[in-house]
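Each remark here refers to the structure printed beneath this line.
What follows is the structure in structure tokens.
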């Protein structure tokens, strides 16, 4: 993240300004002085920051999701769906192609999302 930050400094001399670009390497310059265990722990911390636990929806939230899915299907409305996948929250937009209640999934934009992973549905 820090290695992409560029600092612009304007240095003045007698003729006018000279613009120079400096690239900051962030944590890269400090990792050479770290122990291997420290680097491994930093990698674990960065990975765990991105991981999230799947929230448990109550009955009221499930009813709202169900109602909005029905409205979107009946009226062919575009929706924004927030869902849980691979320990992350993801969002997709589009029109619902299919809802299969027997196999418990929703098909939107050629993306198959299990109904248990739906977190929020917004009508657009």
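Residue numbers (this note's numbering): 7 to 130. Note that CB positions come from ideal geometry on N, CA and C, so glycine has one too.
Straight across, the Cα-Cα distance linking residue 130 with residue 97 is about 14 Å. Distance between residue 71 and residue 55, taken at the CA atoms: about 28 Å. For residue 74, the enclosing alpha helix (DSSP H) covers residues 65-81. The straight-line gap separating the alpha-carbon atoms of residue 66 and residue 48 is approximately 40 Å. Contact between residue 100 and residue 112 does not hold, since the beta-carbon distance rounds to 11 Å and is not under 8 Å.
Excluding its 5 nearest sequence neighbours in each direction, residue 95 has C-beta neighbours in its own chain below 8 Å: 58, 88, 89 and 125, listed in chain order.
Within the DSSP bridge table, the entry for residue 88 names 97 and 126 as partners.
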